[in-house]
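Here the structure comes first, spelled out in structure tokens, and everything after it is commentary.
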Amino acid sequence: MLQTFLDRIPSLAVFLYATLAFVIPLSTYLLNKKLHDLGDPEWKKLNDKKGR
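See below:
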């Protein structure tokens, strides 16, 4: 019974790839957001605060 359960658990590589599939897009999104906060011109920052 225990061996059947252990055979169904994914390998460590699957857990690693699933984690990377979450972390890489999240870090890309956060980096892009930070770069936009630092690099956007003032007029665009004012429009973003108004909700446009």
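Heads up, the final residue of the sequence shown is numbered 33 in this note's numbering, and it's a clean run with no missing numbers. Ideal Cβ positions, reconstructed from N, Cα and C, are used throughout, including at glycine. Note that the structure is a prediction, hence the values are computed from the model and not measured.
What is the DSSP secondary structure of residue i, reduced to helix, strand or coil?
i     : result
P22   : coil
P(-9) : coil
Hey, how far is the Cα of residue i from the Cα of residue j?
i      : j      : result
P22    : L(-13) : 56 Å
F3     : N28    : 31 Å
L(-17) : I(-10) : 11 Å
K30    : Y10    : 20 Å
I5     : L19    : 21 Å
W24    : K14    : 17 Å
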